[in-house]
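> Start counting the sequence shown at 7; every next residue gets the next number (the working numbering). C-beta: ideal position from N, C-alpha, C; glycine also. Just dropping this structure here.
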Amino acid sequence: MSDPQVSTILLLQLLEGIAHLTRHGVAHRDLKSDNLLLDEGGGISGSCPRLVIVDFGCCLAERQWGLVLPFYTAEIDRGGNSNLMAPELWYNIIAGAVPGQDSVLDYNNSDAWAAGAIAYELFGDVNPFGRDRLDSRTYQDEQLPLFTQAPTGVRRIVSLLLRRDPSERITADTAVTMLILVLWAPAAWLHSNTCRY
Numbered sequence: 007m008s009d010p011q012v013s014t015i016l017l018l019q020l021l022e023g024i025a026h027l028t029r030h031g032v033a034h035r036d037l038k039s040d041n042l043l044l045d046e047g048g049g050i051s052g053s054c055p056r057l058v059i060v061d062f063g064c065c066l067a068e069r070q071w072g073l074v075l076p077f078y079t080a081e082i083d084r085g086g087n088s089n090l091m092a093p094e095l096w097y098n099i100i101a102g103a104v105p106g107q108d109s110v111l112d113y114n115n116s117d118a119w120a121a122g123a124i125a126y127e128l129f130g131d132v133n134p135f136g137r138d139r140l141d142s143r144t145y146q147d148e149q150l151p152l153f154t155q156a157p158t159g160v161r162r163i164v165s166l167l168l169r170r171d172p173s174e175r176i177t178a179d180t181a182v183t184m185l186i187l188v189l190w191a192p193a194a195w196l197h198s199n200t201c202r203y
């Protein structure tokens, strides 16, 4: 995408979709650019494309456990592709997912993390967790590359989506609210000294 506003709106649509899925107890578990389709709006001049999330073949919609699955064995299918799998889902002591009697895999915020990585692609950059780049199991938050094509507010939101510690990561719902403000709030609101983010 070349227009930062269009890219921001597409990221907003992606996060709105993730928030909707999460509210309904569904984790996609395989978000990637190949599973996002754009509807150009019938070629209407000046219209923003509509983003559609597709391919729910790996999704988790577990009635019994919700979005938190027991993790008794390393053989469990965690879904997804390794370049877009949240740190807490890896079988790794450092990242947190170690099988055992009391262990769980928590998918509540993993799709939001994937959206943060996809944001780089929406703004014309490469996934920071792709081949020969950062390892989502071991990276530190300050190692995330900056992508200058995105507005400052969007860069901040993406950095909050990509927090390695899921307890510090913002939810898709929170990111949606923040992006709406970045897009359409009066500038004075965003430059307040009382802003938490």
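(1) Using the Cα positions of R35 and V160, report the straight-line distance between them to the nearest angstrom.
(2) Do you know offhand how far M7's Cα is from L128's?
(3) To the nearest angstrom, report how far apart A142 and V74 are at their CA atoms.
(4) Do the region 151 to 167 and the region 175 to 183 touch if we need at least three Cβ pairs shorter than 8 Å?
(5) Taking C-beta to C-beta, are I15 and C65 nearer than 8 Å?
(6) Using the C-alpha atoms, what's the distance from G47 back to T180?
(7) Sort A191, S88, D117 by Cα distance to F62 and report the nearest one.
(8) Are the CB atoms of N89 and G136 within a distance shorter than 8 Å?
(9) DSSP beta-bridge partners for D45?
(10) Starting from the N-terminal side, write out each stretch of the alpha helix (DSSP H) that is 4 residues or longer and does not extend beyond the region 147 to 188.
(11) Curious, which full-length beta strand (DSSP E) runs of at least 3 residues does the region 60 to 86 contain?
(12) Based on the DSSP output, what are the partners of V104 in its beta bridges?
(13) Under a Cβ-count criterion, where at least 16 other Cβ atoms within 10 Å of its own Cβ denotes burial, should Q19 be classed as buried or exposed?
(14) What's the gap between the Cα of A193 and the Cα of V104?
(15) Going by C-alpha to C-alpha distance, which of T183, Q149, Q146, D171 sits closest to I163?
Here's the rundown:
(1) Using only the alpha carbons, I get a separation of about 23 Å.
(2) For M7, the predicted structure reports a pLDDT of 47, less than 50, and the residue's modelled location is therefore unreliable. A value from the coordinates is still provided. So the two alpha carbons sit approximately 6 Å from each other.
(3) Note that residue 142 is Ser in the sequence shown, not Ala. Approximately 20 Å, taken between the alpha carbons.
(4) The region 151 to 167 is in contact with the region 175 to 183.
(5) In this structure, I15 sits away from C65, with a CB-CB distance that is not shorter than 8 Å.
(6) Going by the C-alpha atoms only, they are around 27 Å apart.
(7) Residue D117 is the option with its Cα nearest to F62.
(8) In this structure, the beta-carbon distance from G136 to N89 falls below 8 Å.
(9) Here D45 is bridged, per DSSP, to R56.
(10) Here the runs fully enclosed are 158 to 167.
(11) Those beta strand (DSSP E) runs which fall completely within the region 60 to 86 and span 3+ residues are 74 to 76.
(12) According to DSSP, V104 bridges with nothing at all.
(13) Classification of Q19: buried, given that the 10 Å Cβ count is 16 or more.
(14) Approximately 45 Å, taken between the alpha carbons.
(15) Looking only at T183, Q149, Q146, D171, the smallest Cα-Cα distance to I163 is reached by T183.
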